[in-house]
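*Asks:*
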Amino acid sequence: MLGETVICSSRATVMLYDDGNKRWLPAGTGPQAFSRVQIYHNPTANSFRVVGRKMQPDQQVVINCAIVRGVNWGPRPGRSYCWSQTQESQQAGGGLRGAHSPQS
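Numbering (the UniProt record's numbering), first residue to last: 1 to 104.
Shown next, in the form of structure tokens:
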């Protein structure tokens, strides 16, 4: 998007939490693969978002999510990180496994 810049980048497996089954599942379709995960900043809107694309020829987008005030971000065991946010009665969350410590 116009006006956005990448402020950090990492290689990780993107996971999404399945609340119904209480477990983490790989994001996207097809075989599980590493993704290039990037944090974008839009200085005009002072907004941020996380975008992840599988590191395969089709570069499938596995996550494209705004990062809003109040997001909870933290380390998990085994080189994993997860986040959650609640917005207007909806809860969303995700995780990165095998990522190097993201800089924020």
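Glycine included, each C-beta is placed from N, C-alpha and C at the ideal position.
The ligand ADP heavy atoms versus the CB of Asp18: any closer than 7 Å?
*Replies:* With respect to the ligand ADP, the structure shown offers nothing to examine, as it has no ligands at all.
*Asks:* Suppose the cutoff is 7 Å on Cβ atoms and the five residues either side in sequence are ignored; what does the same chain contact list for Val50 look like?
*Replies:* As a working note, residue 50 is residue 50 in the sequence shown. Excluding positions up to five away in sequence, the list reads Val37, Ile39, Ile63, Cys65, Ile67.
*Asks:* Taking the straight line between their C-alpha atoms, what separation do you get for Gly70 and Thr44?
*Replies:* Counted from its first residue, the sequence shown places residue 70 at position 70. Counted from its first residue, the sequence shown places residue 44 at position 44. Rounded to whole angstroms, Gly70 to Thr44 spans 20 Å at the Cα level.
*Asks:* Put Pro26 into one of helix, strand or coil per three-state DSSP.
*Replies:* As a first step, residue 26 is located in the sequence shown; it is residue number 26 there, counting from the start. Pro26: strand per DSSP, three-state reduction.
*Asks:* Give the secondary structure of Val68 by DSSP, where H, G and I count as helix, E and B as strand, and everything else as coil.
*Replies:* Here residue 68 refers to the residue found at position 68 of the sequence shown. In this structure, Val68 counts as coil in the three-state DSSP scheme.
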